[in-house]
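Chains as they are written, first to last, in our numbering: chain A, 30 to 143; chain B, 5 to 118. We treat Cβ as the ideally placed atom computed from N, Cα and C, and that holds for glycine. Since we're looking at a predicted model, the values are computed, not measured. The block underneath contains the structure these notes are about, expressed in C-alpha cells.
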Amino acid sequence: AQSVTQPDIHITVSEGASLELRCNYSYGATPYLFWYVQSPGQGLQLLLKYFSGDTLVQGIKGFEAEFKRSQSSFNLRKPSVHWSDAAEYFCAVYSGAGSYQLTFGKGTKLSVIP
Amino acid sequence: DVKVTQSSRYLVKRTGEKVFLECVQDMDHENMFWYRQDPGLGLRLIYFSYDVKMKEKGDIPEGYSVSREKKERFSLILESASTNQTSMYLCASSPRAPHTGELFFGEGSRLTVL
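Below is the structure:
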C-alpha cells in the first residue's frame with residue numbers, strides 16, 4: 030500500500046527566509062503527487078501537482094516542488110516566505126491503480142516569525 | 005469558479021443526536037468524498053461515492069453513513085453522535101475522467117459534540 034511521510038510536524042521560519050518542507054512517499058511506480066495548503070479553519074487548496082515530465086513543478090503563491098525518483102521525495106520549496114504563508118501543508122500521493130483514494134501525509138504546520 | 009460548498013461551517017450537537025453534514029459541488033464531478041481531520045492524524049477517509057446511489061467505505065466508516073441521491077450532493081450522517089466524533093469534516097470531489105487523484109475541497113465543517 031502507498032504511504033506518505035512528512036517528517037516535520039512543525040517548522041518555524043522568519044519572514045523572508047527560504048523554506049523547504051519534506052515529503053517522502055512509498056509506492057512502486059511513479060505516482061501522481063500533490064501539495065495542498067490549509068489556512069486555519071479552512072479547507073485544502075491545491076498548491077501544485079506532479080504527473081509526469083519536468084521534475085520541477087511550479088505552483089501558486091511562488092511555491093515549487095521537485096520530484097526525485099531515486100529518493101522517493103517530493104519536497105516543497107519557496108525562496109522567500111511571507112507571513113501569509115503560515116498554514117498547514119499536506120503532501121499527497123495517488124497511485125492510479127484502480128483506486129479513487131488519495132493518500133495524505135499527516136501535515137507540516139508552518140509558523141512564520143515577523 | 006469551481007466550488008464545493010459545505011452548508012454548515014460550525015455545528016454544536018449533543019451526544020445521541022442525529023447529525024447531517026451536507027456537501028454540494030457545481031463541477032459535475034462523479035466522485036465525492038468525506039474526510040475527517042484531527043490534529044496529528046491528518047486526513048482520514050470516511051466514505052466516498054463514485055456515482056449516484058453508490059458508496060464505498062473508506063478507512064474509518066464506523067459510526068457514519070452517507071447518502072448520494074443526486075450527483076451534486078453528498079451527505080454524511082452521524083446516526084447517534086458521540087463526543088469522539090468531534091472533529092473537522094472535509095468534503096471533496098473529483099472527476100471520473102481524467103482521474104488523476106486531484107481533489108477539490110470544501111471549506112470544512114467543524115463539529116463539536118457535547
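Residues of chain B with a Cβ closer than 8 Å to the Cβ of A:G125 are, in chain order, H103, T104, G105. When rounded, the separation of the alpha-carbon atoms in B:R72 and B:Y54 is 10 Å. A:S102 and B:F24 have their C-alpha atoms some 39 Å from each other. Against chain A, a Cβ distance below 8 Å from B:Y93 picks out nothing, because the smallest value is about 10 Å. If you ignore the 5 residues before and after B:F37, its C-beta comes within less than 6 Å of the C-beta of F52, A96, all in its own chain and listed in chain order.
In this structure A:G91 does not touch A:K78 by the C-beta definition: roughly 16 Å separates them, more than the 8 Å allowed.
Think of a sphere of 9 Å around the beta carbon of A:L75: the chain B residues whose beta carbon falls inside it are E106, L107, F108, F109, in chain order. Cβ-Cβ distances below 6 Å link A:L73 to Y65, Q67 in the same chain, with the five nearest sequence neighbours on each side left out; the list follows chain order. Close partners of A:Y56 in chain B (Cβ separation under 9 Å) are lacking, with about 12 Å as the shortest Cβ gap. By the Cβ criterion, the segment 107-127 of chain A is not in contact with the segment 81-99 of chain B, since fewer than three pairs of Cβ atoms, one from each stretch, lie closer than 8 Å. For a cut-off of 8 Å, the C-beta gap from A:T137 to A:Q35 is around 5 Å, short enough to register as a contact.
The alpha-carbon of B:S91 is positioned some 16 Å away from that of B:G20.
Under the three-state reduction of DSSP, A:R98 is assigned to helix.
The Cβ atoms of B:Y93 and B:S113 sit closer than 9 Å to each other. In the DSSP annotation of this structure, the continuous segment of the beta strand (DSSP E) that includes B:D42 starts and ends at 35-42. For A:A121, a Cβ of chain B is located within less than 9 Å of the residue's own Cβ.
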